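Have a look at the structure below before the remarks.
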Amino acid sequence: MKNDYRQMLHLEPKTGWLNDPNGLCFFKGEYHVYFQYAPDSAEGKGLKCWGHWKSPDLLHWRFTGTVLFPDIPEDRSGVYSGCGFVKDDMLYLFYTGNVKEEGDHDYITSGRGANVILVTTEDGHNMSAKKVLLRNSDYPDYCSCHVRDPKVWEEDGKYHMVLGARTLDDKGCVLYYISEDLVNWSFDKEIRTPDSGYMWECPDEFTLGGERFLSISPQGLPHEKYFSQNVYSSGYLKTDTGVYNEWDRGFDFYAPQTFDAPDGRRILIGWEGIGDIPYTNPTVSLGWQHCLTLPRELSLSENGEMLQQPIRELEKLRRSSQPVNSGESLTAQLPFEICGDCGKEFSLTFEGILKFEYSGGEAALAFLSKSAGGGRIARFAKLDNCRDFRIIADKASAEVYLNGGEKVFSSRMYPADTEITVTADGISGTLYQLDGIEVIPDE
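Numbering (this note's numbering), first residue to last: 1388 to 1830.
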């Protein structure tokens, strides 16, 4: 069957452009996922707004429409990224209001306003009036005009906010603010590490397994074969050591955000895309572009390694199964999942589309045709051994999880047909055909 590229497992817009996930939270019995949204342009032009989905179970979603528009002077150039914070039956949404002044500006050291703005909502989609909390004058004087992406949490009886920033000497850092009432904020401190790019976006501080982490999306890192292979990177620092690790080694991953599920799980969702990419997405000509990653559960291994796995709810979508044996080929209909054990060397090939292989301590995801990859070629990761794998393939993307999620590759892919041939070498496992999630459009 000819592929229309409309995905069945990933959240994506019906029309327009999607990028950063925002405001992730569980509120009044439902999960809420906001996202930066240009509803009128698949290329991201025009109004930058927030769209909104909500779900009782992470499998059945309702799109409530565009819920935040740039409609005051302090956000007239765009409603940029931010977070959600739940308190006393109220959802507080913090975001960056972007302002670009007319004139001869570079919009780095002059001409840009970056305002932290607050709205509240009792139902997730009907918003209060906007309140401006912080302006450029409230940031340290060594900062450029690039300060954005608030993330808020409560700790030790106070409220805390982190903001990503670029200094005047082109160093990325995170700014920390403290508040007693969620409205009045004062500067506390900053965090930066040497040689870590010129801008840190989308900061998110959280604890997991007794450890403290700071997720960031740095721009300007040097590119290497196994590190920062994309235009921009996304990763996390252990705050006690400052050691940086990347979240994902694939072609399409940026701006992740985490939140707590009601059962205590820490869940991450990222943008399965990146800005300023050198490759293409053919859905642009069809009127939309980009999607979010599958929601992922975060945990720590016995030796303290960060692990990411698709949320357990997705296992309810498994419909039928068949064995996958080394040296054999089988036909599968997108979407599907393959998981199992692997040897010292193995490969899985989606005929004419892409190949995933592990050999000599290196894992590699490589496209087999330019059309299937839209110009994507190959991505790599070092891995001492590979014990198990899990690949979830949607109609226009693939996510690969190795060693219980120790290494992850996320990528868009564009096969011409939804029925593809899978060939295995050096592995044994199971292929599950999957039902899709339900997404109800705005009424």
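Glycine included, every Cβ here is placed at the ideal spot set by N, Cα and C.
In this text, all values refer to a predicted model and were calculated from it rather than measured experimentally.
When the five nearest sequence neighbours on each side are left out, the beta carbons in the same chain lying within less than 7 Å of the beta carbon of Asp1829 are those of Phe1450, Thr1451, Gly1452, in order along the chain. Between Lys1518 and Asn1690, the alpha-carbon positions lie close to 45 Å from each other. When the alpha-carbon of Asp1582 is set against those of Arg1599, Gln1606, Glu1588, Glu1598, the nearest one is in Gln1606. The region 1699-1711 and the region 1818-1827 touch, with no fewer than 3 CB-CB distances between them shorter than 8 Å. DSSP places Gly1760 in the uninterrupted alpha helix (DSSP H) bounded by 1757-1760. C-alpha of Ile1565 to C-alpha of Tyr1424: approximately 29 Å in a straight line.
In this structure, Thr1483 and Pro1537 form a Cβ contact; the two beta carbons are roughly 7 Å apart against a cut-off of 8 Å. Gln1676 has its alpha-carbon roughly 7 Å from the corresponding atom of Glu1430.
When secondary structure is reduced to three states using DSSP, Arg1699 falls in the helix class. Leaving aside the five residues that flank Gly1629 on each side, the residues in its chain whose CB is nearer than 7 Å to its CB run, in chain order, Thr1580. Within the region 1492-1536, the complete beta strand (DSSP E) segments at least 3 residues long are 1499-1508, 1518-1521, listed from N- to C-terminus.
With 16 or more other Cβ atoms from the protein chains shown falling within 10 Å of its own Cβ, Ile1603 counts as buried. Under DSSP, Met1693 shares a beta bridge with Leu1687. Below 8 Å, too few C-beta pairs join the region 1754-1765 and the region 1642-1659 to call them touching: fewer than three. Boundaries cannot be given for Thr1626, as no beta strand (DSSP E) includes it and DSSP labels it neither H nor E. Straight-line spacing of the CA atoms in Ser1531 and Glu1700 works out to 43 Å. Rounded to whole angstroms, the Cβ separation of Met1388 and Glu1806 is 6 Å, and the two are in contact under 8 Å.
In the structure shown, Thr1451 falls within a strand segment according to DSSP collapsed to helix, strand and coil. Straight-line spacing of the CA atoms in Arg1799 and Gln1696 works out to 18 Å. The residues Arg1553, Asp1557, Lys1558, Gly1559, Gln1606, Gly1607, in chain order, have a CB closer than 7 Å to that of Tyr1585 in the same chain once the five nearest residues on each side in sequence are set aside.
Counting only residues of its own chain and dropping the five nearest sequence neighbours on each side, Leu1555 has a CB closer than 8 Å to the CB of Thr1496, Tyr1529, Cys1530, Ser1531.
Excluding its 5 nearest sequence neighbours in each direction, Tyr1623 has C-beta neighbours in its own chain below 8 Å: Phe1600, Leu1601, Ser1602, Ile1603, Tyr1631, Asn1632, Trp1634, Met1693, listed in chain order. Distances from the CA of Cys1678 to each of Asp1775, Leu1520, Ile1661, Met1548 were compared; the closest alpha carbon is that of Ile1661. Counted as a single uninterrupted DSSP element, the beta strand (DSSP E) harbouring Gly1410 occupies residues 1403-1414. Rounded to whole angstroms, the separation of the alpha carbons of Lys1742 and Arg1463 is 45 Å. A contact is defined here as three or more CB-CB pairs under 8 Å, and the region 1777-1784 meets this definition with respect to the region 1392-1402. Distance from the CA of Trp1587 to the CA of Thr1808, rounded to the nearest whole angstrom, comes to 41 Å. In this structure, the CA atom of Leu1478 is about 9 Å from the CA atom of Lys1415.
For a cut-off of 8 Å, the C-beta gap from Leu1550 to Val1561 is around 7 Å, short enough to register as a contact.
As DSSP reads the structure, Lys1441 sits in a beta bridge with His1419, Arg1449.
When C-alpha distances from Asp1812 are compared across Gly1762, Asp1804, Ala1803, Tyr1745, the shortest belongs to Tyr1745.
Taken atom to atom, the span from the alpha-carbon of Gly1433 to that of Pro1426 is near 8 Å.
Beta-carbon to beta-carbon, Gly1511 and His1439 are separated by about 7 Å, close enough to satisfy the 8 Å threshold. Shown here, Pro1460 sits in a helix according to DSSP, grouped into three states. Here the alpha carbon of Ser1620 sits roughly 22 Å from the alpha carbon of Leu1595.
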